[in-house]
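Heads up, the thing below is written out as C-alpha cells.
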C-alpha cells in the first residue's frame with residue numbers, strides 16, 4: 007500500500023486554487039472547488055501535457071494545450087481530443103494538512 011504524501015496546509019489551498027505534489031514519478035494536482043478537495047494525475051491523456059494550469063469550469067479542468075476536459079472528481083473525460091480518463095486519487099485532511107497518494111497499485 008502506498009504512503010500518504012503531504013501536499014500543503016489546508017489554509018494554503020483556497021477555493022478555486024490548486025497545488026501540485028509528487029508521489030514518486032506521479033505528478034498529482036489537488037484542486038479546491040468550493041471547499042471540497044479533489045486529486046487527479048496532472049497528465050492529459052491526449053498528449054501527456056500538464057492539466058493543473060488549465061482553466062477550471064466548475065468541476066472540469068481544461069487542458070491548456072488542446073482543450074480536452076476532465077472531471078476533477080473522477081478523472082473522466084468530458085471533452086475531446088482525449089478519450090482515456092486520467093487517474094483520480096484519494097485526498098484526506100488531518101490536523102490541518104492535506105494529503106494524497108497514488109493508490110492505483112494497492
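Residue numbers (my numbering): 7 to 112. Cβ atoms here follow ideal geometry from the backbone N, Cα and C, with glycine treated the same way.
Look up residue i in the DSSP assignment and say whether it is helix, strand or coil.
i	result
residue 61	strand
residue 90	coil
residue 17	helix
residue 49	coil
residue 96	coil
residue 71	coil
residue 28	strand
residue 112	coil
residue 40	coil
residue 56	coil
residue 12	strand
Could you confirm whether any beta carbon from chain C is found closer than 8 Å to the beta carbon of residue i?
i	result
residue 81	In the structure shown, chain C cannot be found, because there is only a single protein chain.
Determine the contact status of residue i and residue j, defining contact as a CB-CB distance below 8 Å.
i	j	result
residue 11	residue 105	yes
residue 16	residue 81	no
residue 65	residue 87	no
residue 55	residue 68	no
In angstroms, rounded to a whole number, what distance separates the CA positions of residue i and residue j?
i	j	result
residue 52	residue 85	11 Å
residue 107	residue 26	12 Å
residue 62	residue 112	30 Å
residue 34	residue 28	6 Å
Just to confirm the assignment, what range does the beta strand (DSSP E) spanning residue i have?
i	result
residue 106	103 to 106
residue 83	83 to 85
* Asked: Does the count of Cβ pairs from the segment 43 to 63 and the segment 73 to 84 closer than 8 Å reach three?
  -> yes
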